[in-house]
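*Asks:*
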Amino acid sequence: MRRKPIVKSLLYVLSASAVISAGHVYVSHADDLDNGANNTATAATVTTNVTNASTNNILGSQLTADNFISTISPIAQSIAKSNNLYASTMVAQAALESGYGTSYLTQIANNLFGIKSFDGTGVKLKTSEYNSKGQAYSTDAYFKSYNSVIDSLQGYATFLTVNSRYANVFKSQSKDGFEAATNIQKDGYATDPSYATKLTNIINTYNLTALDGNTTSTTTNTNNNTSTPSTPSTPNTNSSSNTTNINTNSSSNTTNTNNTTNTQPTTTKPEKTLATATYTYGNPLETFQLSSKFANYNLYTHVKDTTDNNETGNWPSHLKAGSNVYVDCLAVRTYKGASTTWYRIKTSKHAKSYWVSAKAIDFPTIHVKDYNGKAKLSHANRGLYSNAFNSQTLAKSLGSSNSYKDQTFNVNQIATYTYHGKENTWYRINVSNLGDVWINKTGVTYTKAEKKKVTKKKAKKVAKKKTTTKSSVYAKASGHAYLNNYGKFALYNHIPGTYKHIQKTAWSQVKVPKDYKVGVNLKGIRTEYNTTWYRIVLNHKNYWISAKSLLFY
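Take the sequence shown: its letters are residues -30 to -1, 1 to 523, numbered as in mature numbering (1 follows the signal peptide of the UniProt record, and there is no 0).
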């Protein structure tokens, strides 16, 4: 999505008709756009426009370089707060990507961020892509079309949420909007090497940090009623007007040169130790059922104890055990040496997001078995995911089956479970450029099991092995996992029941890492009970442990 043609600063003052008459339609890009010198609004003055605008119906065609900052800032601030993002970075990116609302894509499709569409719908425009050698070539691409500007801003927040590579852009991992701007460039959002610098300049120019609610500005009052924000802002020719700060948590300290200030002794309270959390993002379409004891657990705007500014919410009265909620993010919270799992939920599609303990959610038992066969993808447009839906580690969107319809792929696992009152079947297929991905049965035309030819010599060898030990199937594994409720499970030198000499190791004999992170190098399925095991590396030694004791990200 970052590979759009570079358009010069002059683009955003051209009319749409002039662009079309040139023979091609180009999307304005962040690169080489100026900082909107004609836009005189700052974050400190946008509150005067909030009550006069119908924010839900604002269209891109209503945006101009003059009203852009003041129009979208209050909307962005609300959406950013609900999604744990920095409004300053959001507004700066919207300004940079859309040419302060004047790009052709923004004007006709309300698309502020140049987010692409991969299902063949939206606006088709000419754009530039880059091959593996860094050479540019022209091609057609589809870009998302939104009903309004607010939908585009929410779409941007959703895009960052479902793509885990942008995890460090959120407030939980960036200390301010400037760091978030730096991180989003590092994550690959744009190829322009000065992208973060441009965002920083816009944030400073319009005092956008005021939207984040964590900025302290100092104002000096002499006798001429002139106020100047300490953060750089757009030049204001009216020296007699006072700047009104936005309605956030910002504090403004005023020094009056004609008054004597009495200082009061203050006492410093010891800082509270905050919890840390590691986040894994799923997708906004996944629903889970509430457990029978969900009402016993509080709703929080952030994972409990990870911030001082945490608020609680109330469960809607119509909810009951078994009610469906949307879940789009997982967090492993570490506090005073103990780890707990939390999920970010919405009680309805457009409700506010809250965090809640995993105990408030009822997870199905998913049966996974190895499979050796083929599957042909149907014409149905189905998602490709990192996991089967309703797994505790959530399913992150990896693409669409539309790009692979009528193609045949190897199937290496099948997952089945009953949830929401119906049977669910998922296939894990291997796609060359994506690796192993999961797809629902409805996206598959047929599956066909492959029979392996077994020689007589090999058959005798297998039969002999079965008479001595109970069989298990092994597969290569790599990466890391996190210990979770591990005290309930033992460590073994082999999967129990697969070898004659099984040794058990107590947890008191090993040193558990402070972050509970362990390496994984082999996976095993005990076929007799269809249970999954992993061989982990702990204190430089290999141990087998039940998959139920691990969380993967």
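C-beta: ideal position from N, C-alpha, C; glycine also.
Could you please give the first and the last residue of the uninterrupted alpha helix (DSSP H) stretch that includes isoleucine 39?
*Replies:* 38 to 52
*Asks:* Rounded to whole angstroms, what's the CA-CA distance from threonine 384 to alanine 345? Just pull it up for me.
*Replies:* At residue 384 the sequence reads isoleucine, which differs from the threonine that was named. Distance between the alpha carbons of isoleucine 384 and alanine 345 is about 11 Å.
*Asks:* Please classify glutamine 335 as buried or exposed, where buried requires at least 16 neighbouring CB atoms within 10 angstroms.
*Replies:* Before going on, a small fix: residue 335 reads as threonine here, not glutamine. Exposed, by the Cβ-count rule.
*Asks:* Report buried or exposed for histidine 337, applying the criterion of at least 16 other Cβ atoms within 10 angstroms of its Cβ.
*Replies:* When all chains shown are included, histidine 337 counts as exposed.
*Asks:* Anyone know if the C-beta pair for lysine 322 and serine 144 falls short of 7 Å?
*Replies:* Going by C-beta atoms, lysine 322 is not nearer than 7 Å to serine 144.
*Asks:* Going by C-alpha distance, which of Gly353, Tyr249, Leu492 and Tyr305 is nearest arginine 314?
*Replies:* Tyr249
*Asks:* Evaluate asparagine 284 with the Cβ neighbour count: other Cβ atoms within 10 Å of its Cβ, from every protein chain shown; 16 or more gives buried, anything less gives exposed.
*Replies:* exposed
*Asks:* Buried or exposed: where does glycine 292 fall if 16 or more other Cβ atoms within 10 Å of its Cβ makes it buried?
*Replies:* Per the 10 Å Cβ criterion, exposed.
*Asks:* For asparagine 173, which three-state DSSP category applies?
*Replies:* It should be pointed out that residue 173 corresponds to isoleucine in this sequence rather than to asparagine. The answer is helix: DSSP assigns isoleucine 173 an H, G or I state.
*Asks:* May I have the straight-line CA-CA distance separating isoleucine 328 from glutamine 362, to the nearest angstrom?
*Replies:* First, the residue type needs correcting, since residue 328 is alanine and not isoleucine in the sequence shown. About 9 Å.
*Asks:* For proline 483, does the count of other Cβ atoms within 10 angstroms reach 16, so buried, or fall short, so exposed?
*Replies:* By the neighbour-count rule (16 or more Cβ atoms within 10 Å), proline 483 is not buried but exposed.
*Asks:* Pull up the CB-CB distance for isoleucine 409 and arginine 496, whole angstroms please, since I reckon it's below 8 Å.
*Replies:* With a Cβ gap of about 27 Å, isoleucine 409 and arginine 496 do not count as contacting.
*Asks:* Which parts of the segment 339 to 394 are runs of the beta strand (DSSP E), unbroken and 3 residues or longer, counting only runs that do not cross its ends?
*Replies:* 353 to 355, 367 to 370 and 378 to 389
*Asks:* Could you tell me if glutamate 281 is buried or exposed, where buried requires 16 or more neighbouring beta carbons within 10 angstroms of its beta carbon?
*Replies:* exposed
*Asks:* Is the beta carbon of asparagine 138 less than 7 Å from the beta carbon of asparagine 153?
*Replies:* yes
*Asks:* Go to phenylalanine 333, then tell me how far its alpha helix (DSSP H) extends in each direction, as first and last residue.
*Replies:* Segment: none, phenylalanine 333 is in no alpha helix (DSSP H) and carries neither H nor E.
*Asks:* Please report the straight-line C-alpha distance between serine 287 and glycine 467, rounded to a whole angstrom.
*Replies:* 50 Å
*Asks:* Would DSSP call aspartate 406 helix, strand or coil?
*Replies:* strand
*Asks:* How many whole angstroms separate the CB atoms of threonine 415 and valine 381, which I take to be in contact at a CB cut-off of 8 Å?
*Replies:* That belief does not hold up - the Cβ atoms of threonine 415 and valine 381 are roughly 13 Å apart, past 8 Å.
*Asks:* To the nearest angstrom, report how far apart phenylalanine 272 and lysine 156 are at their CA atoms.
*Replies:* Per the sequence shown, residue 272 should be read as histidine rather than phenylalanine. Going from the Cα of histidine 272 to the Cα of lysine 156 covers about 25 Å.
*Asks:* Run the CB neighbour count on asparagine 360, radius 10 Å, all protein chains shown included, and call it buried at 16 or more, exposed below.
*Replies:* buried
*Asks:* By the 10 Å Cβ neighbour count, where 16 or more other Cβ atoms means buried, how is proline 89 classified, buried or exposed?
*Replies:* Reading off the sequence, residue 89 comes out as aspartate, not proline. Only exposed fits aspartate 89, as fewer than 16 other CB atoms lie within 10 angstroms of its CB.
*Asks:* Could you have a look at threonine 497 and say whether DSSP puts it in helix, strand or coil?
*Replies:* coil
*Asks:* Below 6 Å CB to CB, which residues in the same chain sit around alanine 166 once its five sequence neighbours on both sides are set aside?
*Replies:* Within the same chain, Ala151, Thr152 and Gln155 come within 6 Å of alanine 166 by CB-CB distance, once the 5 residues on both sides are set aside.
*Asks:* What's the C-alpha gap between valine 93 and tyrosine 74?
*Replies:* For valine 93 and tyrosine 74, the distance between alpha carbons rounds to 11 Å.
*Asks:* Excluding the 5 residues flanking cysteine 87 on each side, which residues of the same chain have their C-beta closer than 7 Å to its C-beta?
*Replies:* For the record, residue 87 in the displayed sequence is serine; it is not cysteine. Answer for serine 87: Tyr112, Phe113 and Lys114, listed in chain order.
*Asks:* Would you mind working out which of Tyr499, Ile465 and Phe258 sits nearest isoleucine 506, comparing C-alpha positions?
*Replies:* Ile465
*Asks:* Mapping DSSP to helix, strand and coil, what is alanine 62?
*Replies:* helix
*Asks:* I'd like to confirm the pairing. Which residues does DSSP put opposite asparagine 400 in its beta bridges?
*Replies:* Asp406
*Asks:* Quick check on the burial criterion: 16 or more other C-beta atoms within 10 angstroms. Buried or exposed for aspartate 110?
*Replies:* Exposed, by the Cβ-count rule.
*Asks:* Where do the N-terminal and C-terminal ends of the beta strand (DSSP E) with asparagine 294 fall, by residue?
*Replies:* Residues 294 to 305.
*Asks:* Using the Cα positions of glutamate 67 and alanine 445, report the straight-line distance between them to the nearest angstrom.
*Replies:* 45 Å
*Asks:* How would you call proline 163, buried or exposed, if buried means at least 16 neighbouring beta carbons within 10 angstroms?
*Replies:* exposed
*Asks:* Just to confirm, is the Cβ distance from isoleucine 39 to serine 118 under 7 Å?
*Replies:* Result no, Cβ atoms of isoleucine 39 and serine 118 do not sit closer than 7 Å.
*Asks:* With distances taken Cα to Cα, identify the nearest neighbour of tyrosine 397 among Gly391, Ser122, Gly413 and Tyr389.
*Replies:* For the options Gly391, Ser122, Gly413 and Tyr389, the alpha carbon positioned closest to that of tyrosine 397 is the one of Gly413.
*Asks:* Between which two residues does the alpha helix (DSSP H) containing phenylalanine 129 stretch?
*Replies:* From DSSP, the alpha helix (DSSP H) with phenylalanine 129 extends over 119 to 132.
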